[in-house]
Amino acid sequence: MDVWVHCLECHHYSYFTGHVLHHDLSENNLMFKIGDNDKIKGILNDWDMAAWVNDNDNISLSTAQHCTSTLPFMAMELMVPNLPTHLYRHDLESFFYILVWTALHYDFENKARAPKVHPAVHKWNSSDIQSAHNNKEGLLGHMKANIEAIITQIPSHGKVLIPWIQAIRNLFFRAHAARVQHDLVLDLVLRDGGTPPIWDNKTSGTWITFEKFIGAVGHPI
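Per full-length UniProt numbering: the sequence shown ends with 221, consecutive numbering throughout.
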């Protein structure tokens with residue numbers, strides 16, 4: 001659990017201090033080392049597909065719309081033909097998928113990994129990108145039953161991650177609901193010739209941020 005948080009923090013500081021977005025997160029990028037007093041420290045690896053971010057918080061044009069993410073961990077919005085700009089929150093979404101994937105596949109106590117993709121997330125790894133997109137859309141934006149269907153299949157060794165999975169998924173659900181509400185209001189306002197309401201796309205209406213993620217898992221910033 002600490003390794004995931006350490007990598008999330010590293011990703012955050014790289015973006016907001018070093019102006020670099022990782023851009024290609026996967027289960028293989030989150031590593032760890034054992035230091036003094038057997039203390040484990042998470043390491044975020046594999047930055048060869050990283051993108052530079054300018055002072056206006058915009059990604060370099062040469063990489064902004066390049067689809068580099070590993071499919072099972074790719075943000076839902078990036079799984080479409082006309083790619084939007086790859087944002088910081090898309091990497092946060094990848095961190096969520098990695099968390100779910102870890103709960104389903106890894107038994108750290110016995111130092112084992114499931115040899116096959118778990119049926120609960122097999123569509124994430126499908127060559128049918130539309131199927132993977134629809135599955136993730138249902139997980140993040142639809143009813144509670146979609147996340148519960150995955151949670152009920154998490155093995156005993158992964159159940160410790162369930163509270164984090166539920167808390168972070170709730171952020172995405174609220175972001176989705178806020179966007180639906182925004183679009184409804186926007187449509188009404190435009191019909192009446194009024195001023196469009198503001199929507200912060202970079203944070204999905206302020207719901208998908210590093211601070212919200214850390215707060216959801218109960219870690220101090």
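Note that beta-carbon positions come from the ideal geometry of N, C-alpha and C, so glycine has one too.
The region 185 to 199 makes no contact with the region 114 to 121: fewer than 3 CB pairs, one atom from each, lie closer than 8 Å.
Beta-carbon to beta-carbon, residue 114 and residue 161 are separated by about 15 Å, too far to satisfy the 8 Å threshold. Residue 42: member of the beta strand (DSSP E) spanning 40 to 44, first to last residue. Only residues of its own chain outside the window of five on either side were considered, and among them 157 have a CB closer than 8 Å to the CB of residue 108, listed in chain order. In the three-state DSSP reduction, residue 159 falls in the helix class (H, G or I). Here residue 155 is exposed. Its C-beta has fewer than 16 other C-beta atoms within 10 Å. Using a Cβ distance threshold of 8 Å, residue 92 and residue 86 do not count as a contacting pair. In its chain, beyond the 5 residues on either side, 132 have a beta carbon closer than 6 Å to the beta carbon of residue 126. The secondary-structure analysis by DSSP pairs residue 74 with nothing; it has no beta-bridge partner. Per DSSP, residue 3 has no beta bridge partner at all.
As a beta-bridge residue in DSSP terms, residue 106 pairs with 113.
The criterion of a C-beta distance shorter than 8 Å is satisfied by residue 3 and residue 42. Between residue 74 and residue 137 the beta-carbon gap is near 13 Å, outside 8 Å, which marks them as no contact. Relative to residue 184, the option among 174, 49, 196 whose CA is nearest is 196.
Pairing residue 207 with residue 175 gives a Cβ-Cβ distance under 8 Å. The residues 204, 205, in chain order, have a CB closer than 7 Å to that of residue 179 in the same chain once the five nearest residues on each side in sequence are set aside. Rounded to the nearest angstrom, the Cβ distance from residue 26 to residue 70 is 4 Å, consistent with a contact under 8 Å.
Between residue 11 and residue 145, the alpha-carbon positions lie close to 31 Å from each other.
Scanning its chain for C-beta atoms nearer than 7 Å, with the 5 sequence neighbours on each side dropped, one finds around residue 89 the residues 202, 203, 204, 208, in chain order. With a cutoff of 8 Å on beta-carbon distance, residue 147 and residue 216 are scored as not near each other.
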